[in-house]
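Accompanying notes for the structure given below.
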Amino acid sequence: MMTTTTTISSPTLSLSLSPTCHSRFHPNPISSISPFNKIKLITPQRRSIFTFTMEAVDSSSSSSISNNNNSNSNSSVWKQLQKGIAEFYDESSSLWENIWGDHMHHGFYDPDSTQVSLSDHTTAQIRMIEEALRFAGMTSGGDDEMEVVDVGCGIGGSSRYLANKFNAKCEGITLSPVQAQRANQLAFAQGLAHKVSFQVADALEQPFEDGKFDLVWSMESGEHMPDKQKFVSELVRVAAPGGRIIIVTWCHRDLEEGEESLQEWEQNLLKKICDAFYLPAWCSTAHYVKLLQSHSLEDIKSADWSANVAPFWPAVIKSALTWKGFTSLLRAGMKTIKGALAMPLMIEGFKKGVIKFSIITCRKPPLSSSS
1 MMTTTTTISS
11 PTLSLSLSPT
21 CHSRFHPNPI
31 SSISPFNKIK
41 LITPQRRSIF
51 TFTMEAVDSS
61 SSSSISNNNN
71 SNSNSSVWKQ
81 LQKGIAEFYD
91 ESSSLWENIW
101 GDHMHHGFYD
111 PDSTQVSLSD
121 HTTAQIRMIE
131 EALRFAGMTS
141 GGDDEMEVVD
151 VGCGIGGSSR
161 YLANKFNAKC
171 EGITLSPVQA
181 QRANQLAFAQ
191 GLAHKVSFQV
201 ADALEQPFED
211 GKFDLVWSME
221 SGEHMPDKQK
231 FVSELVRVAA
241 PGGRIIIVTW
251 CHRDLEEGEE
261 SLQEWEQNLL
271 KKICDAFYLP
281 AWCSTAHYVK
291 LLQSHSLEDI
301 KSADWSANVA
311 PFWPAVIKSA
321 LTWKGFTSLL
331 RAGMKTIKGA
341 LAMPLMIEGF
351 KKGVIKFSII
361 TCRKPPLSSS
371 S
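In this text, residue positions in the sequence shown follow UniProt numbering: the first is 1, and each later residue adds one.
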């Protein structure tokens with residue numbers, strides 16, 4: 001079968017990509033693409049210096065998990081998915097830190113922002129934290145020391161920021177041993193080891209007692225949870241009476257009246273992303289809201305911040321097309337490379353309204369004075 005080879009250019013290097021089908025990938029990486037199986041690095045002098053072939057993406061261990069994860073077979077697949085997630089972040093976290101710093105999440109931008117620099121993106125990542133706190137009504141801490149859990153903590157950027165902002169005690173959990181180790185190293189280096197700590201743990205079976213945390217923080221970790229009902233139940237369980245829950249996550253669009261599922265092309269697009277990023281089935285913002293409502297929580301609200309994160313993925317792609325970015329990508333390993341090649345699919349999903357970047361917040365009811 002005839003295939004098309006395409007080149008993506010930047011001031012320092014270009015990539016020659018051979019897709020597995022006829023889809024065209026343009027220098028402006030916005031259009032629909034297919035997974036690539038051959039990559040060639042080309043210098044500005046037009047000399048090919050590196051070529052390798054990728055394996056086909058194995059979709060059997062990611063998007064096949066449903067939201068209702070009750071069977072033994074699904075439990076086994078979740079274990080496989082956990083392993084894939086841990087290995088993905090074991091590989092990619094040092095690359096991300098090397099280029100983007102402490103925070104492994106989107107930035108928050110003014111809508112239609114253009115020509116933003118790397119320093120602007122770093123500022124936008126901090127702004128994402130501040131905007132999430134503001135949306136949840138948490139502009140200041142209380143008189144007592146606040147306790148925070150960072151569910152899906154990455155290398156601990158949010159935890160350290162929250163510890164400094166609120167003089168809080170923070171505990172972070174991640175599936176990645178590499179992330180947990182690095183997060184603890186950074187906490188020690190920044191003089192915060194007495195305030196923040198990190199460990200490897202499952203967000204669906206958190207190693208904390210009931211009602212422990214004043215703030216339950218989940219910044220872009222819900223995407224990886226195969227059982228959203230159990231995920232939400234765990235967030236509610238560990239929240240203290242009167243505590244806040246903040247979930248910032250990728251969702252698919254809400255279904256319209258009369259729709260029972262996404263359209264086939266939308267499901268196919270999300271499946272490709274799932275395969276690359278080790279994600280189970282997606283859910284909508286409305287589904288998260290319903291799950292929170294089932295726990296009789298207070299002040300449940302949500303917002304679509306898709307327009308505010310629009311500059312992020314093009315910036316990530318641009319950073320990958322620097323010499324530093326690409327050589328770091330090659331060192332990171334195949335799982336990271338597969339994820340990087342799926343980034344234009346994220347842009348396509350956002351542009352076509354299939355993917356929504358959402359915030360959902362609520363408050364656990366305080367104990368009554370009589371209890």
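Glycine is no exception: its CB is placed at the ideal position from the N, C-alpha and C atoms.
Open item on the list: Looking at the strands, I want to know which residues DSSP matches up with D110.
Closed with: Along the sequence shown, read from residue 1 onward, the residue named residue 110 stands at position 110. For D110, which the question treats as bridged, DSSP gives no partner whatsoever.
Open item on the list: Suppose you measure from the CA of S94 to the CA of A239; what does that come to, to the nearest Å?
Closed with: Residue 94 sits at position 94 when you count from the first residue of the sequence shown. Residue 239 sits at position 239 when you count from the first residue of the sequence shown. Rounded to the nearest angstrom, the two C-alpha atoms are 31 Å apart.
TODO: Can you check the segment 278-346 for any beta strand (DSSP E) of at least 3 residues that lies completely inside it and give the ranges in chain order?
DONE: 298-304
Open item on the list: Using C-beta distances below 6 Å, list every residue in its chain close to A193, excluding the 5 sequence neighbours before and after it, in chain order.
Closed with: Numbered from its first residue, the sequence shown carries residue 193 at position 193. Once the five neighbours on either side are set aside, the close Cβ partners of A193 are A187.
Task: Q181 versus Q199, F166, R331, A168, residue with shortest Cα-Cα distance - done: Here residue 181 is taken as the residue at index 181 of the sequence shown, counted from 1. With distances taken between Cα atoms, Q181 lies closest to Q199.
TODO: Pull up the CB-CB distance for L279 and E223, whole angstroms please, since I reckon it's below 8 Å.
DONE: As a first step, residue 279 is located in the sequence shown; it is residue number 279 there, counting from the start. As a first step, residue 223 is located in the sequence shown; it is residue number 223 there, counting from the start. Right, the Cβ-Cβ distance comes to about 5 Å (below 8 Å), so this counts as a contact.
Task: Segment limits, beta strand (DSSP E) that includes P241 - done: Position 241 of the sequence shown, counted from the first residue, corresponds to residue 241. Looking at the DSSP string, the run of the beta strand (DSSP E) that includes P241 is 239-252.
Open item on the list: Considering only the alpha carbon of each residue, which of E264, G258, Y288, A315 lies closest to W250?
Closed with: Reading the sequence shown from its first residue, position 250 is the one you call residue 250. Closest option to W250, Cα to Cα, is Y288.
Open item on the list: With H, G and I counted as helix, E and B as strand and the rest as coil, what does DSSP make of T139?
Closed with: Residue 139 sits at position 139 when you count from the first residue of the sequence shown. Correct three-state label for T139: coil.
- [ ] Go ahead and pull the three-state DSSP assignment for L186.
- [x] Your numbering for residue 186 matches position 186 in the sequence shown. Three-state DSSP puts L186 in a helix.
Open item on the list: At the level of alpha carbons, what is the spacing between N167 and R160?
Closed with: Within the sequence shown, residue 167 is the residue found at index 167, counting from 1. Within the sequence shown, residue 160 is the residue found at index 160, counting from 1. Rounded to the nearest whole angstrom, the CA to CA distance from N167 to R160 is 10 Å.
TODO: Could you tell me if E205 is buried or exposed, where buried requires 16 or more neighbouring beta carbons within 10 angstroms of its beta carbon?
DONE: Residue mapping note: residue 205 aligns to position 205 of the sequence shown, counting from 1. By the 10 Å Cβ count, E205 comes out exposed.
Task: Cβ neighbour criterion (16 or more within 10 Å) applied to T174 - done: Here residue 174 refers to the residue found at position 174 when the sequence shown is read from its first residue. By the neighbour-count rule (16 or more Cβ atoms within 10 Å), T174 is buried.
Task: Span separating the alpha-carbon of A124 from that of A201 - done: As a first step, residue 124 must be located in the sequence shown, where it is residue number 124. As a first step, residue 201 must be located in the sequence shown, where it is residue number 201. C-alpha separation (whole angstroms): 29 Å.
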